[in-house]
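In this note's numbering, the protein residues as written are 126 to 390.
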Amino acid sequence: MAFEFDVITLFPDMFDAITKHGVTGRAKENEFYGLYTWNPRDFTENVYRTVDDRPYGGGPGMVMLADPLEKAVTAAKLRQTASGVSEMKVIYLSPQGRLLDHELVKELGQLSGLVLISGRYEGVDDRLIKRQVDEEVSIGEYVLSGGELPAMVLIDSMVRQMPGVLGDPESANQDSFVNGLLDFPHYTRPKVYQGDIVPEVLMSGDPVRINRWRLQQALGRTWLRRPDLLALRIKRGMTAEENKLLEEFKKAYKANQNKMNQGKE
Ligand code: ADE
Numbered sequence: 126m127a128f129e130f131d132v133i134t135l136f137p138d139m140f141d142a143i144t145k146h147g148v149t150g151r152a153k154e155n156e157f158y159g160l161y162t163w164n165p166r167d168f169t170e171n172v173y174r175t176v177d178d179r180p181y182g183g184g185p186g187m188v189m190l191a192d193p194l195e196k197a198v199t200a201a202k203l204r205q206t207a208s209g210v211s212e213m214k215v216i217y218l219s220p221q222g223r224l225l226d227h228e229l230v231k232e233l234g235q236l237s238g239l240v241l242i243s244g245r246y247e248g249v250d251d252r253l254i255k256r257q258v259d260e261e262v263s264i265g266e267y268v269l270s271g272g273e274l275p276a277m278v279l280i281d282s283m284v285r286q287m288p289g290v291l292g293d294p295e296s297a298n299q300d301s302f303v304n305g306l307l308d309f310p311h312y313t314r315p316k317v318y319q320g321d322i323v324p325e326v327l328m329s330g331d332p333v334r335i336n337r338w339r340l341q342q343a344l345g346r347t348w349l350r351r352p353d354l355l356a357l358r359i360k361r362g363m364t365a366e367e368n369k370l371l372e373e374f375k376k377a378y379k380a381n382q383n384k385m386n387q388g389k390e
C-alpha cells in the first residue's frame, strides 16, 4: 500500500513543484505515494471565506483560525483512514518544532500516512495545535513565509527513502547522513576539467579501492566540516578500517597544510 500524504494548505498549487517534477514526480506517477491537498478556505462558513484574524493581546500579523483548520484536518484524517492508512500522525510545520534530520525522516517513514499542516501568517491558533497536532517539525533555524516549503522538504526527504523510488537501490543508502557521514566528492566527464584531473583511483576500475577511497573522503570531509557529526559517529562505534582511513586522511591533510604554509614563508 502506498504512503499517503494529506496536506492542509491555502496554496495547493505550490505542491505541483514536487508532484510534477523529477524523482518525486515520477514516484507519484508510479503510485509510491499519494498526495491530497485540503484548502481551509473550503471549510469556512462566511461569505468572505475568512481563514485568519487579529491576535488576542495585539501585535503584528494575523493568526489562522482554529475552526477551518480543524475541519480540514478531520476531512484529511477520514481520507487517510478510507485509503487504508493504519498508522498516521498529524504534523504542524513550524520553527518551534523538532529539527528535521535523517533520524526523523526514518521514524516518520515507519508510519503509513501523514497529515501535514502548512500554516501562513504569524501562526495558527494554539488550541488547534493542542487538539489536533501530534508533532511539530522544523526544517531549520530560520523563518519562512509559510509551511508549504517545509512540508515539501519533508515529503521529498521521505519519498527518496521509499524502496524502489530511486532507480538504483543503493542510491538512497549512499546519500549523505544515511551512514552518519557527509557525502564523498563526485566526478563525471571530462577526465580533465580546466586543468583539474579526476582522482586516479576512480578510474582504476577496482571497486575495493574505490569504496575505500570514498569512505575515506566521507570520513575526512565530516572531520573537517562537521566535527559534531563525526563525534556522534565515533560514539556509535567505528571499525578498525574506518579509524585507519580517517587517521590516514588527517595525516595527509596536515602534511599538505604544512607544505602550503611553508610555501607562504
Ligand atoms: N514555517 C516557517 N518557518 C519554518 C521552518 N523553519 N520550519 C518549519 N516550518 C516553518
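Ideal Cβ positions, reconstructed from N, Cα and C, are used throughout, including at glycine. If you're wondering where the values come from, they're calculated on a predicted model, not measured in any experiment.
Taking the C-alpha atoms as reference points, what is the distance between Ile216 and Thr206? 16 Å
By how many angstroms is the C-alpha of Leu135 removed from the C-alpha of Leu269? 15 Å
By the three-class DSSP mapping on this structure, what secondary structure does Leu194 have? helix
Is Leu419 near Leu340, with beta carbons less than 8 Å apart? For the chain, the structure presents residues 126 to 390; residue 419 sits outside this window and is missing.
I'd like to know whether the C-beta atoms of Asp131 and Leu190 end up nearer to each other than 8 Å. no
Using a Cβ-based criterion (distance less than 7 Å to any ligand heavy atom), does Tyr267 qualify as near ligand 1? yes
Suppose you measure from the CA of Gly388 to the CA of Asp321; what does that come to, to the nearest Å? Those two C-alpha atoms are separated by around 21 Å.
Is the Cβ-Cβ distance between Trp163 and Ile143 less than 8 Å? no
Buried or exposed for Gln257, going by 16 or more other Cβ atoms inside 10 Å? buried
If you follow the beta strand (DSSP E) that Lys462 is part of, which residue opens it and which one closes it? Outside the shown range of the chain, which is 126 to 390, sits residue 462, and nothing can be said about it.
For Asp293, three-class secondary structure by DSSP: coil
Using 8 Å as the threshold, is the region 269-286 in touch with the region 224-234, meaning 3 or more CB pairs across them? yes
Sufficient close CB pairs (3 or more, under 8 Å) joining the region 353-369 to the region 323-333: no
Limits of the unbroken alpha helix (DSSP H) element including Leu160: Note, Leu160: premise wrong, no alpha helix (DSSP H); beta strand (DSSP E) at Tyr158 to Trp163.
Among Thr347, Lys375 and Asn304, which residue has its Cα nearest to the Cα of Arg361? Asn304
Bridge partners for Ser263 per DSSP, in chain order? Beta-bridge partners of Ser263 (DSSP): Leu224.
Which of helix, strand or coil does DSSP assign to Glu129? strand
Which residues does DSSP list as the beta-bridge partners of Val230? Residue pairing of Val230 in beta bridges, as defined by DSSP: absent, with no partner found.
Between the Cα of Gly292 and the Cα atoms of Pro137, Asp141, Ala152 and Glu273, which residue gives the shortest distance? Ala152
Sorry if obvious, but does the Cβ on Ser263 come closer than 7 Å to a heavy atom of ligand 1? yes
Can you have a look at Met283 and say buried or exposed, based on whether 16 or more other CB atoms are within 10 angstroms of its CB? Buried, since its Cβ has 16 or more Cβ neighbours within 10 Å.
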